[in-house]
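Below you'll find the structure, written out as structure tokens, and then a few comments.
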Amino acid sequence: MKKNYYPTLISLTFFAGTFLIVFTSSDSDVAAFRFITYLFVSCFLAVSYIYKDVLFKAKEKPAVTKMEHVLNDAEKFSQEFGEVYVLADKLKQQRKQKKGAIAANRPA
45 MKKNYYPTLI
55 SLTFFAGTFL
65 IVFTSSDSDV
75 AAFRFITYLF
85 VSCFLAVSYI
95 YKDVLFKAKE
105 KPAVTKMEHV
115 LNDAEKFSQE
125 FGEVYVLADK
135 LKQQRKQKKG
145 AIAANRPA
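The sequence shown begins at 45 in my numbering and counts up by one.
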């Protein structure tokens with residue numbers, strides 16, 4: 045299992061930044077303003093970093109697989125899998141002929 049240290053790093057950075065901003069200011073009003081600004085900025089950055097995969101992958105189109113492309117195009121489907129159905133029909137006919145030959149007690 046892959047260990048993820050990003051939440052721990054984010055929380056330690058947040059608390060270190062909080063104490064650094066609050067205790068390096070000599071004026072309490074400036075410290076409060078810096079703290080509130082830092083709080084909003086850090087929360088926004090942390091949430092955007094945590095959900096970056098969801099935000100950026102929502103814009104990407106899902107890739108169309110070969111199977112979906114073949115299933116959506118009838119001509120491609122018949123080119124890819126038509127022989128399978130023809131072979132299946134031939135095998136069914138051979139089985140019916142064998143069963144008829146066995147029932148009539150004659151060689152197939």
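Don't be surprised by glycine CBs; every beta carbon is placed ideally from N, CA and C.
Annotated as distal: Ser86 and Phe67, with beta-carbon spacing of 7 Å or more. In the three-state reduction of the DSSP assignment, Ser72 falls in the helix class.
Secondary structure at Tyr82: helix, using DSSP grouped into helix, strand and coil. A direct Cα-to-Cα measurement between Tyr82 and Ser92 gives close to 15 Å. Take Ala75, set aside five residues on each side of it, and the residues of its chain with a beta-carbon closer than 6 Å to its own are Val66, Ser69, in chain order. For Tyr49, the closest C-alpha among the options Lys140, Ile94, Gln137 is that of Ile94. Apart from the 5 residues on each side of it in sequence, Phe79 sits with its Cβ closer than 7 Å to the Cβ of Thr62, Ile65, Val66 in its chain, given in chain order. In the structure shown, the three-state DSSP call for Tyr95 is coil.
Secondary structure of Lys47 (DSSP, three-state): coil. If you ignore the 5 residues before and after Ile54, its C-beta comes within less than 6 Å of the C-beta of Ala90, all in its own chain and listed in chain order.
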